[in-house]
Amino acid sequence: MEDRTDALLASALGLEQDELDELDYRLDSNESDDGLVYGYIVTVADGNDPELLSKIKGLEGDTVRLDA
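All residue numbers for the sequence shown refer to the numbering used here, where the first residue is 1 and numbers rise by one.
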């Protein structure tokens, strides 16, 4: 299951699987109080390779918002 999730995340970000493996990031869900997931927020850490960051679709500052 984790491999499939990583593959979907890599695709959503416009990265290859091995590039995602190199990325230092945190994945959080944006959800309601009753657990309904509206989407996801990917936050990249400081110190990532700038070339790798330039490949990420939708990166604004240090975050990317993804639909559920």
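Ideal placement from N, C-alpha and C gives every residue a C-beta, glycine not left out.
CB of residue i within 9 Å of CB of residue j, strictly
i: residue 68; j: residue 37; result: yes
i: residue 27; j: residue 55; result: no
i: residue 25; j: residue 5; result: no
i: residue 10; j: residue 19; result: yes
i: residue 66; j: residue 39; result: yes
Nearest-angstrom beta carbon gap, residue j and residue i [assumed within contact, 8 Å]
i: residue 41; j: residue 30; result: 6 Å
Residue i, DSSP secondary structure in three states
i: residue 32; result: coil
i: residue 67; result: strand
i: residue 53; result: helix
i: residue 60; result: strand
Identity of the residue in the options nearest residue i by Cα
i: residue 23; options: 5, 46, 32 and 66; result: 46
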